[in-house]
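Numbering (this note's numbering), first residue to last: 118 to 496.
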């Protein structure tokens, strides 16, 4: 198969996590730049990477990259790219774009130029003057950064955070991709206890269970590139077949998820069922004050409510204090908390061993990591 270049896009702060995932999936020549992880691949890897990447936002097929200071340069170099290798005669395509620190700053004009150039390319290759646009859909993006134009085709369609298991969610839910990243950034593994006392619709414990059971996160959804005629459908069948065989069926996990809201727990249980991990997670309705850390070397990963109103903020401060006192009583536990609360360390009662800046949607947050004692090594 011919070599292609794929780009896994990453949310700010998660580039290193996505890069590690890409490398662990076996890809080489990996490089990171501006929220994107580039890697060399083959056509079959369009299916494989979409199915398996847990923390990336999308997988893009890179068509070309070049310097463009004028609309003429943008038109000519776009037209010279091999669009006919992917877009069929009846293909329907739209062009999106962005421009940062570039002379070609008008995004609508850049989109129109790219669209026109692709149409002219297809006219020459297919020897036609008109296209019905009734076939497969293609979303093309022109990104300009420091006068360098990068042209890609989106292979994913809906963002990769849409796994297919969360039909219902509470207000402002944590994205599945971010939840998976929180788990991967922790020291949790399948042999340790995991606790989420603010589980909401269950995203963090569900993503942890999917990771432990080696369930491909994209197994229960479809992707835009599945309908591309130039991409052999057997690629997707084979990738899904391998993914099903890779699932670890007989696995005993200790994942506990609770919330004070009984409706949230019902949603979380339904989502876990849809994800195929309902047998791995113990759900309960209880406040944080009722939690007791009886066993050793557990891991807490949580996304507490931020508290938009003054009364709620004061209540959350009390909860952070409760968590700090609780973990002080059992220093073998580690706590990982994503929060916008700038006073969290003071409230918790100790300085975080590590703090990572992230974005939860449009909200700037910190991922506070409080390390407990290391469990003894197994023989």
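All C-beta atoms, glycine included, are put in the ideal place defined by N, C-alpha and C.
Q | Nonlocal neighbours in the same chain, by C-beta distance under 6 Å from residue 129, ignoring five residues either side | A | 476
Q.
Considering Cα atoms alone, identify which of 495, 224, 321 is closest to residue 258.
A. 224
Q) Is DSSP giving residue 390 helix, strand or coil here? A) helix
Q: Could you round the C-beta distance between residue 311 and residue 255 to whole angstroms and report it? I think they count as a contact, below 8 Å.
A: So it is not a contact: roughly 40 Å between Cβ atoms.
Q) Rounded to a whole number of angstroms, what is the C-alpha to C-alpha distance between residue 357 and residue 235? A) 32 Å
Q) Around the C-beta of residue 193, are 16 or more other C-beta atoms found within 10 angstroms, so that it is buried, or is it exposed? A) exposed
Q) Hey, out of 393, 453, 431, whose CA is closest to residue 468's CA? A) 453
(Q) Residues in the same chain with beta-carbon distance under 7 Å from residue 246, minus the five sequence neighbours each way, listed in chain order, please. (A) 240
**Q.** Alpha carbon of residue 139 to alpha carbon of residue 486, nearest angstrom
**A.** 24 Å
Q: Can you tell me which of 399, 271, 366 puts its alpha carbon nearest to the alpha carbon of residue 321?
A: 399
Q. How is residue 380 classed by DSSP in three states: helix, strand or coil?
A. helix
Q: Please confirm if the stretch 263–277 is in contact with the stretch 215–223, defined as three or more CB-CB distances below 8 Å between the two stretches.
A: yes
Q: Determine, using beta-carbon pairs with one atom in the stretch 385–396 and one in the stretch 323–332, whether at least three such pairs fall under 8 Å.
A: yes
Q | Contact set for residue 380: own chain, Cβ-Cβ below 7 Å, skip 5 residues either direction | A | none
Q | Every unbroken beta strand (DSSP E) within the stretch 260–315, with a cutoff of 3 residues, ordered by chain | A | 265–271, 311–313
Q. Is it true that the stretch 169–183 meets the stretch 207–214, where meeting means three or more beta-carbon pairs spaced less than 8 Å apart?
A. no
Q: Taking 8 Å as the threshold, find out whether the stretch 294–311 comes into contact with the stretch 337–351 through three or more Cβ pairs.
A: no
Q) Within 10 angstroms of its Cβ, does residue 197 collect 16 or more other Cβ (buried), or is it exposed? A) exposed
Q. Under a Cβ-count criterion, where at least 16 other Cβ atoms within 10 Å of its own Cβ denotes burial, should residue 189 be classed as buried or exposed?
A. exposed
(Q) Taking the alpha helix (DSSP H) that residue 321 belongs to, which residues open and close that run? (A) 320–329
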